[in-house]
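Participant: Per the numbering used here: the sequence shown = residues 41 to 428.
All C-beta atoms, glycine included, are put in the ideal place defined by N, C-alpha and C.
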Amino acid sequence: MSLKTWSALVGLTLSAFIFNTSEFIPIALLTDIGKDFGLTEAKAGMLISVYAWVVMALSMPLMLMTSKMEMRKLLLGVIAVFTSFQVMSYLSTSFGMLMVSRIGVACAHSIFWSIVSIIAVRIVPESHKSIALSMIVTGSSIAMILGLPLGRVIGLSVGWRMTFLSIGAVALFVLVYLFSLLPKVQSGGGMTAHDLPAMLRNKILIGIFLTTAAFATGYYTAYSYIEPFLQQIGRMSENQITTTLMLFGFAGIIGSMLFSKYYPKFRFKFINITLIGLIVGVLLLRPVASSIPVTIVVCALIGMSATAFNVAMQSEIITDTPQSQSSVAMSIFSGIFNFGIGTGALVGGMVCSHLSISFIGVVGGAIVTVAMVYWKFIVVKRSLRQAQ
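Shown next as structure tokens:
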């Protein structure tokens, strides 16, 4: 690949980093945001749920509206909108205003995650597509290593509003960087609502979507409340919580590396193992909470498994759909994933309110088990039959 192509990939990786940081930063600042507005953690957690539900509802409609646009122009416009609403988050004087700003960011998110992986694989040669996809996932993982912990440190030091302003500043830099380096990327012909029924008759694709919904719901039942869990049940200090959040990201990079190495050879087995790893990890959260070192190891297992599963599902979608449908298929994937995030955050909040925060892993693990059973015994068998 040329230096310019590598540089453009780096820019896309940075954009994935800042979008992923923005999406999950309320998790790292949930306690402080709640205190500032006089809300319980469960009510403050609605920032996560509403954001996710907006992405769920708007990903496909917005992508259908913009599917014929040249992708470079679309991506730059999305980043500009994203930057503007980060500034609004900084200026928020009420929880309602903060919620509106997060809804604006969610609209940008809806399109961004529908196109960024597709742009990455289209600007590189065929032999480098898995590397391009892994770089996008690495950007997301680095958000967990640096973005969330750094955002948390900024929030604890000078207030959570400065965290959102910092995200906006980095996004502005990424916008200028990509403007100068990213080549034009054609849309692939576009797709209309009339084309949806044909795409949705793809049973393998539907299986991927349903597995993803159950996976994300279970994972985010636990992960959405990991910060207060580590504080209240794990008895961790602020620095230890920050370190643990960083380890989620380091583990995610390992997960993306394992994907690049093993997924092409052991496609279905690899996905099965990621689901088993996540189930074991979240179920162990409560039993090992009294040991900080063991809890950190368990969190690393969770982060590695979740990231590896996510990138594997994206690869499945890109492989199983024609180019003209890929951006819309990815938008549906993003919407369904965020349905899982929002539902998981809601379920986690109900667990915190009606049971105990210590049970978030137990409930989350039960839901991910449903995802694993469906994937292994329905989707994989269906795919193998279709391949014969």
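(1) Looking at the structure shown, is Ile273 part of a helix, part of a strand, or coil, going by DSSP?
(2) Between the Cα of Val368 and those of Ile58, Gly404 and Met100, spot the shortest distance and give me the residue it belongs to.
(3) If we count Cβ pairs, one from each stretch, closer than 8 Å, do we get three or more for the segment 399 to 412 versus the segment 257 to 274?
(4) Do Phe379 and Trp153 come within 9 Å of each other at the CB atom, strictly closer than that value?
(5) Only counting the same chain, and skipping five residues up and downstream in sequence, which positions put a Cβ closer than 7 Å to that of Val328?
(6) Do Ile155 and Met370 have their C-beta atoms within less than 9 Å of each other?
(7) Hey, could you find the ends of the alpha helix (DSSP H) Phe213 is sitting in?
(8) In angstroms with no decimal places, state the Cα-to-Cα distance between Leu114 and Thr106.
(9) Could you spell out the range, first to last residue, of the alpha helix (DSSP H) harbouring Lys416?
(10) Which one of Tyr217, Ile358, Ala120 and Ser264 has the shortest CA to CA distance from Val381?
(11) Could you tell me the distance, in whole angstroms, from the CA atom of Asn60 to the CA atom of Leu54?
(12) Can you give the beta carbon distance from Gln365 to Ile244, rounded, assuming they're within the 8 Å contact cut?
(13) Short check: CB of Val403 to CB of Val413, under 9 Å?
(14) Evaluate contact between the segment 192 to 211 and the segment 277 to 295, counting only Cβ atoms and requiring at least three cross-stretch pairs below 8 Å.
(15) To test your reading of the DSSP string, which unbroken alpha helix (DSSP H) runs of 4 or more residues are found completely within the segment 120 to 176?
(16) Compare the Cα-Cα distances from Gly51 to each of Ile65, Glu166, Leu215 and Ile151 and report the closest residue.
(17) Between Phe64 and Leu188, is the Cβ-Cβ spacing less than 9 Å?
(18) Tell me which same chain residues have a C-beta within less than 6 Å of the C-beta of Arg162, skipping the five on either side of it?
(19) Quick check: the segment 121 to 132 against the segment 200 to 219, are there 3 or more CB pairs under 8 Å?
(20) Please work out which residues of its chain come closer than 8 Å, Cβ to Cβ, to Ser296, disregarding the five sequence neighbours upstream and downstream, and give them in chain order.
(21) Using the Cα positions of Ile313 and Thr252, report the straight-line distance between them to the nearest angstrom.
(22) Starting from Thr80, follow the alpha helix (DSSP H) in both directions and report where the run begins and ends.
(23) By the 10 Å Cβ neighbour count, where 16 or more other Cβ atoms means buried, how is Ser331 classified, buried or exposed?
(24) Is the distance from the Cβ of Glu267 to the Cβ of Ala68 below 9 Å?
(25) If Ala211 sits next to Ile58, beta carbons under 8 Å apart, how far is it from one beta carbon to the other, in whole angstroms?
(26) Are any of the Cβ atoms in chain C nearer than 9 Å to that of Pro333?
(27) Between which two residues does the alpha helix (DSSP H) carrying Met109 extend?
(28) Can you give me the C-alpha to C-alpha distance between Met357 and Val322, rounded to a whole angstrom?
(29) Over the uninterrupted alpha helix (DSSP H) stretch that includes Thr361, give me the two end residues.
(30) Secondary structure at Tyr259, three-state DSSP: helix, strand or coil?
(31) Could you have a look at Leu325 and say whether DSSP puts it in helix, strand or coil?
(32) Please report how far the alpha carbon of Gly389 lies from the alpha carbon of Leu270, in whole angstroms.
Facilitator: Let me spell this out:
(1) coil
(2) Met100
(3) yes
(4) no
(5) Apart from the 5 residues on each side of it in sequence, Val328 sits with its Cβ closer than 7 Å to the Cβ of Val334, Thr335 and Val338 in its chain, given in chain order.
(6) yes
(7) Trp200 to Leu221
(8) 8 Å
(9) In the DSSP assignment, Lys416 falls outside any alpha helix (DSSP H), carrying neither H nor E.
(10) Here the sequence assigns Ile to residue 381, which means Val is not the residue at that position. For Ile381, the closest C-alpha among the options Tyr217, Ile358, Ala120 and Ser264 is that of Ser264.
(11) 10 Å
(12) Contact doesn't hold; Cβ gap of about 13 Å is too wide.
(13) no
(14) Proximity of the segment 192 to 211 to the segment 277 to 295 meets the contact definition, three or more beta-carbon pairs being nearer than 8 Å.
(15) 135 to 162
(16) Leu215
(17) Yes; because the gap between Cβ atoms is below 9 Å, this pair is in contact.
(18) Val225
(19) yes
(20) Ser174, Val177, Thr178, Ser181, Thr347, Ala348 and Val351
(21) 15 Å
(22) Thr80 -> no alpha helix (DSSP H), and no H or E assigned at all.
(23) exposed
(24) yes
(25) 5 Å
(26) Of the protein chains in the structure, only one exists, and it is not chain C.
(27) Careful: Met109 lies outside any alpha helix (DSSP H) and carries neither H nor E.
(28) For the record, residue 357 in the displayed sequence is Ile; it is not Met. Using only the alpha carbons, I get a separation of about 26 Å.
(29) Thr361 -> no alpha helix (DSSP H), and no H or E assigned at all.
(30) helix
(31) coil
(32) 15 Å
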